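Data block below; observations after.
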Amino acid sequence: MQAGKLQSFLDAHRAETKSGLETHQLFGHGILYTIPEEKMDDFYRLYCNHISNSGPLTITEKMTRIGPLRVDLDFLYEGHVEDHKHTQAMTIAFVKAYMSEAARYVQIKDITDVFVMEKPEPTFYPGKKESKSGIHLIVPDVRVNRNIELAIRNTLLPKMDDYFPGLEMKKDWRETYDKSPLNHTSWWALLGSKKPAGEGATPQPYQLKYSIEWDPNDTAVAIDEEVNREIKPENIRKFSIRAPNNSETPFTELGKAYALKEEEVRISGGPGIMPQRGRPPQRGEPSSRASSPTRVVYLQPLSESMLKYYEGHVFNLSAERFNSHDERTNVGHCLKNIHPDLDNLWLEFCSQRTDGKYDPREAMAKWQGFNFRNDGAKLGVGSLRHWSRTDNLNGYIEIEKRNIDRLLDEATDTQTEHDMAQVVHAKFRDEFKCARFSASAWYWFAGHTWRETDKGVSLQCRLSSDVFRDFFRKETEITNMMNADGFPQCPEGKHDPGSCDFCKAEKKKQAYAHMRKQLRMTRFKENVMKECRELFLDEEFANKVDENKNLIAFSNGVFDTLTFEFRDGKPEDYISFCTNLEYHPDRPHESYPCWQELNKFLHDVLPDTDVREYFLAYLATSLSGNNEAQKFHILTGTGSNGKSMLMNLMSTAMGDYACKAPISLLTQARNKSAAAAPELVRMKGRRFVTMQEPDEQVPLNTGLMKELASSEKITARDLYAGSKQMLDFDLQARFNLACNEKPKINTQDGGTWRRLVVINFLSKFVADPRLAHEKPIDESIVQKSQSKEWAEAFLSYLVFLYTKGKGFRKLVPPEKVMEYTSEYKEDSDVIAKFIREKIHALPEPPAGEPENPGVTWGTITREFVEWKRTNEPASKVVTADLRKQLENIYKKMPRGGWTSFQCGDA
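Using the UniProt record's numbering, read the sequence shown as starting at 1 and increasing by one per residue.
See the structure below:
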């Protein structure tokens with residue numbers, strides 16, 4: 001822009017940084033101005049004089065809350081188009097429909113002028129080989145808010161092909177009928193101004209062509225070709241899209257539902273703060289991190305670029321999403337949680353309903369009823385992207401590519417590590433998570449599960465490869481554009497990026513090249529990774545991972561134990577464990593070459609049919625993390641009975657889901673609540689846990705055993721983790737104690753024995769079998785029970801059993817197993833054993849004979865203490881328990897002692 005009075009005027013009215021009071025902008029340079037209303041006439045006069053003397057400018061004005069009706073139709077065509085393809089008749093047809101729709105919302109009583117603006121000819125962009133045409137409509141005498149304009153657009157969008165048939169544009173009507181000016185938050189070129197030159201093109205300003213007089217009484221129109229087209233101050237003011245709030249055209253009854261409420265006023269695209277809706281969260285102590293005295297949620301304003309990003313995914317959803325009530329409601333909750341300013345996007349989404357029942361007032365009432373949630377489990381942007389990816393993968397990929405291209409441009413402009421990290425996050429947010437910021441603990445989604453990657457090295461490698469290629473692609477695109485026919489070359493000796501398109505492009509190309517080279521520099525990549533920790537941080541990852549009890553991962557997919565479906569794994573499954581084996585749903589377990597040998601081994605180890613079927617069904621339930629049975633299995637029998645080989649086979653088949661726990665977990669006293677418990681932390685997400693037998697005479701901690709068997713939620717801290725890094729999780733594992741000698745149980749309470757199940761392995765593998773229960777020993781079984789071949793066949797068999805048994809929700813041990821358990825209970829009952837050995841019932845003496853001598857409590861106590869010291873020194877049974885049991889059998893001790901039995905050796 002030439003220096004002069006206009007330049008001096010504008011310099012005197014530069015806007016304060018981030019004041020929010022700017023009214024005008026020098027487009028392409030980003031210089032903002034604040035021109036008060038009392039100085040506006042001076043500005044318009046200087047502006048018109050400059051255009052008269054020096055030609056078009058690039059000045060835009062900022063829209064206001066209330067403004068004249070406006071329409072921006074951007075027609076984009078392939079190749080070089082010399083003339084506009086739309087006709088005046090098309091424009092008139094559209095205007096008639098548009099004004100009829102507007103009259104439903106606001107009161108239009110008189111004949112109203114609709115002014116039509118067009119460029120002299122389409123603008124050709126040689127680098128992209130496309131031409132841009134368009135129409136601007138302004139209705140100065142009808143002033144409305146954004147809700148009215150967006151409602152009109154929502155109604156007309158499905159019918160645009162009727163008004164403008166056969167245009168064959170590159171983009172659909174949703175992009176052609178530009179939504180941005182209707183939000184009243186963007187910028188609009190002043191009459192006589194244009195876009196700056198760029199990409200090899202020199203756009204011309206929109207010019208006033210004609211007006212259409214619309215009669216609200218009969219919707220008739222008349223064309224006025226003799227409109228005043230001069231760039232004069234009165235015309236600049238007439239066609240300004242700025243207007244005071246009190247100039248709004250009165251609503252109709254329908255339109256009153258679209259009135260802006262005072263709290264809906266947008267500042268820089270969105271509210272700075274917004275009170276939460278719904279039930280208030282539980283407050284903590286005042287001044288604590290959990291306290292919430294103000295219940296205010298601070299929100300970032302909704303930027304134009306992010307609005308377009310969300311729009312892209314919303315309109316990539318399938319028709320079922322807006323036609324189904326439940327699906328539509330889910331999308332509404334999702335949009336409200338993303339940002340409360342997405343109400344008009346919600347209305348536009350609902351307007352696509354094909355049942356003809358769309359009611360904007362009902363849709364808005366529904367929106368206002370949605371709660372805004374900014375924490376906890378919720379539908380959000382991740383859900384929206386997941387639906388978009390599921391409904392239309394190609395569309396999803398294109399939307400994400402456009403978003404990444406935008407971020408590539410921003411990173412190139414700023415050259416900062418943070419903006420580079422934004423590119424990396426947009427590109428890989430579904431593949432990588434930072435679980436802990438301080439430790440730089442990273443996870444990578446590979447195949448079907450999340451895997452830990454040391455300090456995010458897998459992501460850092462992508463910077464020098466994938467992201468590098470993105471910048472190289474952008475650099476190549478600019479090179480191709482500069483080499484295209486028709487792209488203006490730089491005049492010899494001139495290197496002015498401010499005015500020469502060629503030099504602008506060359507500067508941009510060099511900026512891409514610089515960023516590309518930075519991605520091969522160690523220090524730069526390390527700084528980018530530090531920024532990535534913030535963007536990729538998922539503080540709930542450690543709590544969410546491996547917590548879905550209904551999923552189990554294989555090397556080639558995920559099995560859902562609720563639906564019995566085998567499918568691909570998804571990042572939102574949050575699975576890190578894997579069996580490390582493949583499962584093939586279409587391959588029967590009998591088809592595995594090793595099945596006959598494996599099946600014989602199972603029959604040899606557990607020859608009893610009922611016991612074998614029960615135990616294999618029990619092992620199959622380990623596929624699920626839901627533990628309805630709540631049993632603790634003790635596997636016992638003499639040595640060389642195959643139980644260890646079976647446990648090895650099961651552990652190999654379960655892979656990461658299996659682990660060994662030290663028996664000390666159940667034989668030692670509980671840790672203090674704040675003490676580290678790494679052995680418990682290791683249990684998170686496990687499905688099958690084995691333990692080896694304890695030292696002789698060491699009893700089990702039955703309290704902890706019941707807690708583990710019940711799969712209760714536990715809280716534990718890993719070694720070296722801080723007190724604030726406690727993990728809360730539900731146990732999913734089945735616990736199995738393999739032992740030759742059953743451990744001591746020093747309690748007879750029902751809760752303990754309801755959970756204990758004893759599996760007695762009766763077989764014995766020997767070199768020279770002679771007895772019925774002896775089997776020939778096979779030294780290779782040790783290796784086979786831990787082989788991938790056997791494990792894969794066995795796991796396939798377990799899935800078969802689990803599916804056939806529909807999850808074995810009510811698995812009951814058979815009678816034979818309960819006999820083993822009852823015998824164990826009796827053997828563990830110290831009091832019952834003492835009574836069997838030392839208390840001998842006596843018959844009543846014949847009539848006339850003297851009574852049996854009385855046995856006093858003192859005598860019994862002395863006998864019991866001596867017997868217990870010799871036979872059960874570790875038992876914690878006290879004499880009070882003995883007296884209670886004796887009284888249950890022989891009633892209360894009479895005066896002088898019991899005469900119905902004697903105490904001592906028989």
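Just so you know, even glycine gets a beta-carbon here, dropped at the ideal spot from N, CA and C.
Keep in mind the model is a prediction, meaning the values are calculated, not measured.
Item, Value
"Between the region 167–184 and the region 91–103, are three or more C-beta pairs nearer than 8 Å?", "no"
"Which of helix, strand or coil does DSSP assign to Asp215?", "coil"
"Based on Cα-Cα distance, which residue from Lys366, Ala15, Asp466 lies nearest to Asp343?", "Lys366"
"For Ser133, does the count of other Cβ atoms within 10 angstroms reach 16, so buried, or fall short, so exposed?", "buried"
"What is the rounded straight-line gap between the Cα of Arg279 and the Cα of Lys378?", "With a pLDDT of 37 at Arg279, under the threshold of 50, the modelled position of this residue cannot be trusted; read the value that follows with caution. Cα to Cα, Arg279 sits roughly 15 Å from Lys378."
"Go ahead and label Asn245 buried or exposed: buried means 16 or more other beta carbons lie within 10 angstroms of its beta carbon, across all protein chains shown.", "exposed"
"Could you pull out every residue in the same chain whose Cβ sits closer than 6 Å to the Cβ of Lys209, ignoring the five residues on either side in sequence?", "Val116, Glu118"
"Tell me, please, which residues DSSP counts as bridged to Ala716.", "Leu727"
"What's the gap between the Cα of Lys600 and the Cα of Leu606?", "10 Å"
"Using the Cα positions of Glu887 and Met893, report the straight-line distance between them to the nearest angstrom.", "7 Å"
"Would you kindly report the start and end of the unbroken alpha helix (DSSP H) that includes Asp610?", "609–620"
"Rounding to the nearest angstrom, what Cα-Cα distance links Glu597 and Asp778 in this structure?", "11 Å"
"Return helix, strand or coil for Lys820, following the three-state DSSP convention.", "For the sequence presented, residue 820 should be read as Tyr rather than Lys. In this structure, Tyr820 counts as helix in the three-state DSSP scheme."
"Could you tell me the alpha carbon to alpha carbon distance between Glu263 and Leu26, rounded to whole angstroms?", "Here the model assigns Glu263 a pLDDT of 41, short of 50, so the residue's position is not dependable and the matter cannot be decided."
"Can you list, in chain order, the residues of its chain with a C-beta nearer than 6 Å to that of Gln300? Leave out the 5 residues immediately preceding and following it.", "none"
"May I ask you to verify whether the region 95–105 touches the region 197–209, counting CB pairs closer than 8 Å and requiring at least 3?", "no"
"Can you check whether the CB of Glu792 is closer than 8 Å to the CB of Glu582?", "yes"
"Using 8 Å as the Cβ pair cut-off and three pairs as the minimum, do the region 454–465 and the region 529–540 touch?", "yes"
"Please report the straight-line C-alpha distance between Thr609 and Phe794, rounded to a whole angstrom.", "18 Å"
"Apart from the five residues on each side of it in sequence, which residues of its chain come closer than 8 Å, Cβ to Cβ, to Leu842?", "Asn852, Thr899, Ser900, Phe901, Gln902"
"Threshold first: 3 residues or longer. Then list the beta strand (DSSP E) segments lying entirely within the region 105–168, N to C.", "112–118, 123–125, 130–144"
"CB-CB under 7 Å to Glu213, same chain, minus the five flanking residues each way: which ones, in chain order?", "Ile111, Asp113, Val221, Ala222, Asp224"
"In the DSSP assignment, the alpha helix (DSSP H) including Trp444 goes from what residue to what residue?", "That residue, Trp444, is in no alpha helix (DSSP H); its beta strand (DSSP E) goes 441–446."
"Would you say Ser644 and Ala738 are within 8 Å of each other, going by their C-beta atoms?", "yes"
"State the Cα-Cα distance for the pair Phe559 and Arg567, rounded to the nearest angstrom.", "6 Å"
"Please state whether the Cβ-Cβ distance between Thr412 and Met521 is less than 8 Å.", "no"
"Which ranges would you report for the alpha helix (DSSP H) in the region 646–715 if only whole runs of at least 4 residues count?", "664–667, 678–681, 702–709"
"Give the secondary structure of Asn736 by DSSP, where H, G and I count as helix, E and B as strand, and everything else as coil.", "strand"
"Under 8 Å by Cβ, that's how I've got Pro360 and Leu347 pegged, so tell me the actual separation to the nearest angstrom.", "6 Å"
"Within 8 Å, do at least three Cβ pairs link the region 322–334 to the region 131–149?", "no"
"So, do the region 310–323 and the region 384–397 have three or more beta carbon pairs nearer to each other than 8 Å?", "yes"
"In chain order, what residues of the same chain lie with their CB nearer than 7 Å to the CB of Lys109, ignoring the 5 residues before and after it?", "Pro216"
"Use the C-beta contact count for Ser211: other C-beta atoms within 10 angstroms, 16 or more gives buried, fewer gives exposed.", "buried"
"Please name the residue in Asn183, Ile745, Ile552 whose C-alpha comes closest to that of Glu304.", "Asn183"
"By a C-beta neighbour count over all protein chains shown, 10 Å radius and 16 as the cutoff for buried, is Asp501 buried or exposed?", "buried"
"Do Gly447 and Asp546 count as a contact pair if the criterion is CB distance below 8 Å?", "no"
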